[in-house]
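Some notes on the structure that comes next.
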Amino acid sequence: MLPAKHALSAAEATAPKGCSSLKLRQLSRRVSQLFDAEVSSAGLKTTQYSLLSHIVRLGPVRPGQLAAVMEMDASTLTRNLQPLIAQGWVEVTPGDDGRSRQVDATPAGKAMQAQARKAWQRAQQGFNERMGPERVARLHAVIDECLGLLNEVGEGEA
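Residues in the sequence shown are numbered consecutively from 764, following our numbering.
If you want it as structure tokens, here you go:
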């Protein structure tokens with residue numbers, strides 16, 4: 764047992780320590796490394812697979828809608844689309860009027876996404892086994908809760 768001067772109060776024991784942004788980035792980098800190790804076997808980065816999967820599922824989709832669904836800003840989306848367009852997996856076409864555009868997966872892009880899905884499934888299964896399915900479910904729930912709270916704050920500031 765710790766001497767009284769070293770005992771932590773309940774508040775101290777549960778108080779956040781360190782920088783939340785750093786901790787989240789550290790976790791994100793480590794998880795990305797695990798997923799990239801599998802998904803790269805299909806010729807994609809995990810971020811590219813995620814973007815291509817969203818386009819296959821939603822497409823044809825307006826860039827603004829795609830960015831909103833993926834919780835990224837328009838400039839990041841534009842930058843991340845470029846390699847997929849260059850590979851011929853995604854195309855940007857005119858939208859309903861002269862000012863709008865739509866993003867869609869090409870047949871080659873749909874084939875690439877299907878091939879990479881198997882690698883992603885291996886990565887997700889490995890992550891679930893390593894972390895435990897209950898912990899992964901809790902992690903997803905906490906992340907979803909935090910995103911909801913941060914989106915509420917962002918909407919209130921606009």
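For each residue, glycine too, the CB sits at the ideal point set by N, CA and C.
Note that the structure is a prediction, hence the values are computed from the model and not measured.
Residue i and residue j closer than 7 Å at C-beta
i      : j      : result
VAL824 : VAL866 : yes
ALA882 : VAL802 : yes
LEU807 : GLY872 : no
ARG864 : VAL855 : yes
Given residue i as reference, the closest of the options once Cα atoms are compared
i      : options                        : result
TYR812 : ALA879, CYS909, ALA886, LEU902 : ALA879
ILE906 : LYS780, LEU787, ALA778, THR777 : LEU787
PRO870 : GLY822, ASP799, LYS780, LEU913 : GLY822
CYS909 : SER784, THR777, ALA778         : SER784
Residue span of the alpha helix (DSSP H) that contains residue i, given as start and end
i      : result
ARG809 : Correcting the residue type first, residue 809 is Thr in the shown sequence and not Arg. Run containing THR809: 809-821, per the alpha helix (DSSP H) assignment.
GLU892 : 870-894
VAL832 : 826-833
PRO779 : PRO779 -> no alpha helix (DSSP H), and no H or E assigned at all.
Whole-Å CB distance - residue i paired with residue j, under 8 Å assumed
i      : j      : result
ALA868 : ILE818 : 5 Å
Own chain, CB closer than 7 Å to residue i, minus 5 neighbours either side, in chain order
i      : result
SER795 : THR809
PRO846 : GLN811
Cut-off 8 Å between Cβ atoms - residues of its own chain near residue i, not counting five sequence neighbours on either side
i      : result
GLY889 : LEU797, GLU801
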